[in-house]
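Here is the structure we will look at, set down as structure tokens.
Residue numbers (this note's numbering): 56 to 579.
This is the structure:
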């Protein structure tokens, strides 16, 4: 709908005569013969002009013919014509004035509708329902109109419509402006309609949330605060009433990390190993033996020695779906898992001298219980993940960073189910986002791997993500300086690096991130 002023006005003059004709008593060129007596010739029978009755004064006398002419008296006709022409003149002048007033009012209404549509769009982004959104729009609309004089202006309430083809939220209002001078010619109001539309979203969004659930998150209600903030972000990006347009336009994914990342049902696809597997040791075992010998005097001699068993076999069952960071040439890439590129799961080592096994993750508590949620628009799956997050273990931030990337990478589509496959990097109007969160210092790598420290690896992974034009937001929640530094480095720009220090600031940070992800603008 255009922004042009559409004004309907109609005026008509009526009379008993056909339009355009004016009835007048004026008679042009008529002669009236006052006297036609032959006797009244020459000197008119002695009659002098001075003897003409006074009632004839003002008449013209034809001295040659002796005829008198009535002089045309136009005073009455001019008054009638003036009376008839003044009405349309006043009407035209009045209409020009009223039109200018209406144009000014229309500009104010346009501003009010623009603001109302923006308010409605932000309300929808914040997850509000349709009734609340409509009320919010009308509150903004009326608030702006009431800031100045609205004499004679009456408008309907704002109406909102979502246009699926253009993915715009449109608002419009119809108004009428009462006239003043135009009223004399029957134009009582000038009517107009204004509209505005705002896009909400930047096409298709793929957003991965990365949460730190290390042991430090169990202190000072940090985990409780994180759950509240994360839910607010979900509600903003995936409103309860649903996102306008195609529901698959906005998809969210989630993963948490501590010492490792739990690959869950995707373990086999990323490691080429079974979640329940048996480690086998074959070789010599040195079994400790105690021997005692007592002589006749009662003296006891004890000594220990190891008995070597060359062909011993020991087995150990591992039940774990947790994985370490990648190693080798693909350490900082998103290349999909395959031969030569498998991720490394938990492994166990046998000690032949103590006849015991040990795993490289130290204790099963170091493998978190939270299973990753690949891209989805299912709110329940996302909220359930948030509710189940439990803090434990150390902070392997680089592993969490990598998995945030994997969740939005098309290179990993052979891992994820059909509805969760990522869009190509060059997909038109698509944006990929990773939101990284931590409360600590990146301090954990796979023991004995010889890999660089966690912060160094995280920086390298962030560099590679940025080359793919992935937008990175970071949240350093009461984190120490070292943690803040690596997160600030990873953020796409300084404005995308948040440093909340309490629960309220954390919630506001996630809400602001969620809002800023969407491109909110007046489109027309």
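Positions of the beta carbon are idealized from the N, C-alpha and C atoms, including for glycine.
Alpha carbon of residue i to alpha carbon of residue j, nearest angstrom
i	j	result
residue 292	residue 147	55 Å
residue 516	residue 488	14 Å
residue 240	residue 222	45 Å
residue 207	residue 164	13 Å
residue 313	residue 192	44 Å
residue 61	residue 226	Its pLDDT being 30, under 50, residue 61 is placed unreliably by the model, and nothing is read from it.
residue 561	residue 473	33 Å
residue 461	residue 290	24 Å
residue 190	residue 176	12 Å
residue 187	residue 557	29 Å
residue 491	residue 160	49 Å
residue 458	residue 539	20 Å
residue 179	residue 541	34 Å
residue 201	residue 209	12 Å
residue 399	residue 382	8 Å
residue 173	residue 238	37 Å
residue 586	residue 564	With the chain covering 56 to 579 only, the question about residue 586 has no answer from this structure.
residue 437	residue 308	8 Å
residue 242	residue 234	7 Å
residue 443	residue 425	7 Å
residue 322	residue 392	11 Å
residue 502	residue 394	23 Å
residue 479	residue 512	25 Å
residue 236	residue 205	17 Å
residue 519	residue 467	15 Å
residue 144	residue 162	28 Å
residue 288	residue 497	24 Å
residue 251	residue 325	49 Å
residue 475	residue 572	20 Å
residue 523	residue 327	27 Å
residue 44	residue 429	Past the boundaries of the shown model lies residue 44; the chain is included only from 56 to 579, so the question cannot be answered.
residue 385	residue 469	17 Å
residue 527	residue 552	9 Å
residue 305	residue 184	18 Å
residue 156	residue 441	56 Å
Element boundaries [alpha helix (DSSP H), containing residue i]
i	result
residue 565	558-572
residue 539	536-545
residue 461	452-463
residue 279	277-292
residue 438	434-443
residue 21	Only positions 56 to 579 of the chain appear in this structure, which leaves residue 21 out of reach.
Endpoints, the beta strand (DSSP E) within which residue i is located
i	result
residue 514	No beta strand (DSSP E) holds residue 514; the alpha helix (DSSP H) holding it covers 509-522.
residue 243	Run containing residue 243: none; DSSP gives neither H nor E here.
residue 266	259-267
residue 192	Residue 192 -> not in any beta strand (DSSP E); alpha helix (DSSP H) instead, spanning 185-200.
residue 216	214-218
residue 429	428-431
residue 584	The structure shown does not extend to residue 584, since the chain is modelled only from 56 to 579, so the question has no answer here.
residue 490	485-493
residue 233	223-233
residue 527	526-531
residue 478	Neither: residue 478 is in no beta strand (DSSP E) and is coded neither H nor E.
Burial state of residue i, where buried means 16 or more other Cβ atoms lie within 10 Å
i	result
residue 203	exposed
residue 389	buried
residue 212	exposed
residue 549	exposed
residue 81	Its pLDDT being 34, under 50, residue 81 is placed unreliably by the model, and nothing is read from it.
residue 380	buried
residue 525	buried
residue 375	buried
residue 171	buried
residue 537	exposed
residue 499	buried
residue 559	exposed
residue 303	exposed
residue 331	exposed
residue 87	Note that residue 87 scores a pLDDT of 36, beneath 50, so its modelled location is shaky; the value from the coordinates is reported in the next line. The residue in question, residue 87, is exposed, as its Cβ has fewer than 16 Cβ neighbours within 10 Å.
residue 295	exposed
residue 320	exposed
Contact with chain D by residue i, beta-carbon distance below 9 Å
i	result
residue 277	Looking for chain D here will not work: only one protein chain is present.
Residue i CB to nearest heavy atom of the ligand NAP below 8 Å
i	result
residue 210	For the structure depicted, the ligand NAP is absent and the ligand set is empty, with no information on it obtainable.
> So does the stretch 220-236 actually touch the stretch 269-282, counting three or more Cβ pairs closer than 8 Å?
Replying inline: A contact between stretches requires three or more CB pairs, one per stretch, nearer than 8 Å, and the stretch 220-236 fails this requirement with the stretch 269-282.
> Using 8 Å as the threshold, is the stretch 194-202 in touch with the stretch 153-172, meaning 3 or more CB pairs across them?
Replying inline: yes
>> Does the stretch 440-459 come into contact with the stretch 499-517, if we say contact requires no fewer than three beta-carbon pairs (one atom in each stretch) closer than 8 Å?
In response: yes
> How about the stretch 250-268 and the stretch 483-499: do they share at least three Cβ pairs that are nearer than 8 Å?
Replying inline: Flag = yes, the stretch 250-268 and the stretch 483-499 touch.
> Okay, do the stretch 440-450 and the stretch 304-321 touch, 3+ Cβ pairs below 8 Å being the bar?
Replying inline: yes
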